[in-house]
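K.L.:
Questions regarding the structure given below will be posed in turn.
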Amino acid sequence: MRSHLLNDTTAEQYRRSVTDGVERVAAKLATTDRPFTGITVDALTPRIDEIDLDQPLHDTTAVLDELEDVYLRDAIYFHHPRYLAHLNCPVVIPAVLGEAVLSAVNSSLDTWDQSAGGTLIERKLIDWTTERIGLGPAADGVFTSGGTQSNLQALLLAREEAKTDSLAKLRIFASEVSHFSVKKSAKLLGLGQDAVVSIPVDHDKRMQTVALARELERCAQDGLVPMAVVATAGTTDFGSIDPLPEIAELCEQFGTWMHVDAAYGCGLLASLKHRDRISGIERADSVTVDYHKSFFQPVSSSAVLVRDAATLRHATYHAEYLNPRRMVEERIPNQVDKSLQTTRRFDALKLWMTLRTMGADGIGQLFDEVCELAREGWKLIASDPRFDVVVRPSLSTLVFRYIPAAVTDPAEIDRANLYARKALFASGDAIVAGTKVGGRHYLKFTLLNPETQASDIAAVLDLIAGHAEQYLGESLDRAS
């Protein structure tokens, strides 16, 4: 079995095996003509269940053949221009190359003696990002597994900086369309059920700062502690960006930690045209960025950044076998001192390879393209009497729903939209997401693929309308 270990004696076998796998994926990418095959859970489950993991195939070619049957054939391919569902981006080739390198070398980014060069590369990228944000010379941060972990760590730091003996008094303020991880983090941090105060949004789905000011004042009057305000730069459903400068003013006035969840909107940090949309982010105490959303990186690639590096001490624990205190005095850089994780992949390498190959302007150009596509898509939907679109896009998300001319029952319209989304997914021709607005069911395009064109959007709208009309026709037949 030692023949399977990656080392100096198996380098050639490694080259052949990886090349074979890459060729399979490349062939699949080159011939995929729709984002999904439409396979059902019931059809795929038996193929997985019948595999006996205690009976290996002993041959990578046979394993890849099997993988084709149980995964590659039916995988959902985000690179396809009619994948329009969630915050999944197509990935750039330099980042995929970085993924191959980091997986083979397998550095762990917790300590210097496990990843010397990797430690410095990650730190350089953190410095690069904090400079792009404008957090100042004392800023720092660390890579994480994703926006949820980044938000959790930021709110952990905010909780500790709040300096209160009563967790029950702590309050977090976030808009009603903020990411669910805010409430999840509050629970994980031991705060009460009512710790997260939901702030209403305006017509453009941006936090209402008048309402925020009112809630902060009420918090002070009630003897409670305003632990943090979470401003969102790119909400999941609408791509809306909260008014960051006004929120920063309120946080300063009330002595409250300002966290900006820019997991989605961080692509604007590289934008050539729209950087001003996140003006005010430089005043944050902490920021979440997801490079695997709008920097076209493979999952996972995220970071939490802080204005004051000293606040990261709240995540620091020392173990004699790993990162004893003396290493701090010896100025040995151990990234575990800043992280909620111990063992951690060298995910920073993917962004490093991307920047060194394409440059920040290359990333920004791609993100600007999808933002422009969203504006074109909005015009298409807004001018189409078959659809109702919620808001103009701030980034690259469109929320809308099919409105039949002859049906007025909102519940029936809900069912038609739900059916259309499900039927579209089952066909594999395109994939769209869904959400609720005002208690009603809506559909969602999340546009992160520069290869998607307005013609793709128009075609998918026709498909949605066709499926919805089919449902309504069948519904009328059943009722008659």
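Residue numbering for the sequence shown follows my numbering, starting at -17 and increasing by one per position. Cβ coordinates follow ideal geometry from the N, Cα and C atoms, glycine included. For clarity, every value in this text was computed on a predicted model and none was experimentally measured.
Quick one: what does DSSP say Tyr303 is sitting in, helix, strand or coil?
P.N.:
Three-state result, Tyr303: coil.
K.L.:
For Leu406, which residues from the same chain have a beta carbon less than 8 Å from its beta carbon, with the 5 sequence-adjacent residues on both sides left out?
P.N.:
Taken in chain order, the residues that qualify are Ala412, Ile413, Val414, Val442, Leu445, Ile446, His449.
K.L.:
Can you name the start and end residues of the alpha helix (DSSP H) that Tyr(-4) belongs to?
P.N.:
From DSSP, the alpha helix (DSSP H) with Tyr(-4) extends over -7 to 13.
K.L.:
Would you identify the three-state DSSP class for Lys187, choosing helix, strand or coil?
P.N.:
Coil at Lys187, not helix or strand.
K.L.:
Report the CB separation of Thr101 from Trp94 in whole angstroms; it is logged as a contact under 8 Å.
P.N.:
At roughly 5 Å, the Cβ-Cβ gap stays under 8 Å, so Thr101 and Trp94 are in contact.
K.L.:
Are the segment 265 to 275 and the segment 286 to 302 in contact at 8 Å, needing three or more beta carbon pairs?
P.N.:
Flag = yes, the segment 265 to 275 and the segment 286 to 302 touch.
K.L.:
Cα-Cα, which of Glu394, Asp204, Thr218, Phe236 is closest to Asp272?
P.N.:
Considering only alpha carbons, the answer is Thr218.
K.L.:
Among all the DSSP beta bridges, which residues are the ones paired with Tyr65?
P.N.:
Ile413.
K.L.:
In this structure, how does DSSP classify Val45 when only helix, strand and coil are distinguished?
P.N.:
Val45: helix per DSSP, three-state reduction.
K.L.:
Rounded to whole angstroms, what's the CA-CA distance from Lys404 to Ile439? Just pull it up for me.
P.N.:
Answer to the nearest angstrom: the Cα atoms are 17 Å apart.
K.L.:
Note down the Cα distance separating Pro386 from Ile345, rounded to an integer number of angstroms.
P.N.:
Near 40 Å, if we compare the C-alpha coordinates of Ile345 and Pro386.
K.L.:
For Thr325, which residues from the same chain have a beta carbon less than 7 Å from its beta carbon, with the 5 sequence-adjacent residues on both sides left out?
P.N.:
Closer than 7 Å at Cβ, skipping near neighbours: Ser90, Asp92.
K.L.:
Mapping the DSSP letters down to three states, classify Asp370 as helix, strand or coil.
P.N.:
In this structure, Asp370 counts as strand in the three-state DSSP scheme.
K.L.:
Check whether the segment 122 to 130 and the segment 174 to 194 touch, using three or more Cβ-Cβ pairs below 8 Å as the test.
P.N.:
At 8 Å Cβ cutoff, the stretches do not touch.
K.L.:
Quick check on DSSP: helix, strand or coil for Ser462?
P.N.:
Because the pLDDT of Ser462 is 48, which lies under 50, any placement of that residue in the model is unreliable, and the question is left without a value.
K.L.:
Assign Asp122 to one of three DSSP states: helix, strand, or coil.
P.N.:
The answer is strand: DSSP assigns Asp122 an E or B state.
K.L.:
Are the CB atoms of Ile260 and Ile223 nearer to each other than 9 Å?
P.N.:
Yes, the pair counts as a contact, with Cβ atoms nearer than the cut-off.
K.L.:
Tell me which residues share the same chain as Gly20 and place their Cβ nearer than 8 Å to its Cβ, disregarding the 5 neighbours each side in the sequence.
P.N.:
The residues are Phe407, Ala408, Ser409, Gly410.
K.L.:
Using the C-alpha atoms, what's the distance from Leu198 back to Gly205?
P.N.:
Using only the alpha carbons, I get a separation of about 11 Å.
K.L.:
Just confirm the distance between the C-beta atoms of Ile154 and Met209, as a whole number of angstroms; I'd bet it's less than 8 Å.
P.N.:
Confirmed, about 6 Å.
K.L.:
Count the other C-beta atoms from every protein chain shown that fall within 10 angstroms of the C-beta of His241, then say buried if there are 16 or more, exposed otherwise.
P.N.:
It counts as buried.
K.L.:
If we call anything under 9 Å between Cβ atoms a contact, is Ser283 one with Ala77?
P.N.:
Yes. Within cutoff.
K.L.:
Could you tell me which residues DSSP puts in a beta bridge with Phe18?
P.N.:
In the DSSP output, where bridge partners are listed per residue, Phe18 has none listed.
K.L.:
DSSP three-state label for Phe277, please.
P.N.:
Three-state DSSP puts Phe277 in coil, outside helix and strand.
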